[in-house]
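Going by UniProt numbering, the first residue of the sequence shown is number 1, and it counts up by one from there. The next block holds one structure in the form of structure tokens; read it before the comments.
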Amino acid sequence: MLRIKETRKTVGITQQELAQKVGATREYISNIENNHKKPSLDLLERIALVLNTSIKDLIEDSA
Numbered sequence: 001m002l003r004i005k006e007t008r009k010t011v012g013i014t015q016q017e018l019a020q021k022v023g024a025t026r027e028y029i030s031n032i033e034n035n036h037k038k039p040s041l042d043l044l045e046r047i048a049l050v051l052n053t054s055i056k057d058l059i060e061d062s063a
């Protein structure tokens, strides 16, 4: 699971704002946050950049 939704809410931006900043649709961001779609590495990098975090921090630690 990814921590995109949790991180996005902490940063204080909406799905629509995130989508616009990374070049995706709000629906696609919603699908990623709800684990219906998996983002490409490129998109994950852009999301991490917008959320001012690392890809590592967006990936849930299962340990």
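C-beta: ideal position from N, C-alpha, C; glycine also. Nothing here was measured: the structure is a model prediction, and the numbers come from that model.
What are the start and end residues of each continuous alpha helix (DSSP H) run of 4 or more residues lying completely inside the UniProt domain "HTH cro/C1-type" (4-58), in chain order?
-> 4-11, 15-22, 26-33, 41-50 and 55-58
Skipping 5 residues on each side, what residues in its chain have a beta carbon closer than 8 Å to that of residue 59?
-> Position 59 of the sequence shown holds residue 59. Correct list, in chain order: 2 and 3.
Exposed unless 16 or more other CB atoms sit within 10 angstroms - verdict on residue 55 = Stepping through the sequence shown from its first residue, residue 55 is reached at position 55. Exposed is the call here.
How many Å lie between residue 8 and residue 41 at the Cα?
-> As a working note, residue 8 is residue 8 in the sequence shown. As a working note, residue 41 is residue 41 in the sequence shown. Straight-line Cα distance between these residues: approximately 18 Å.
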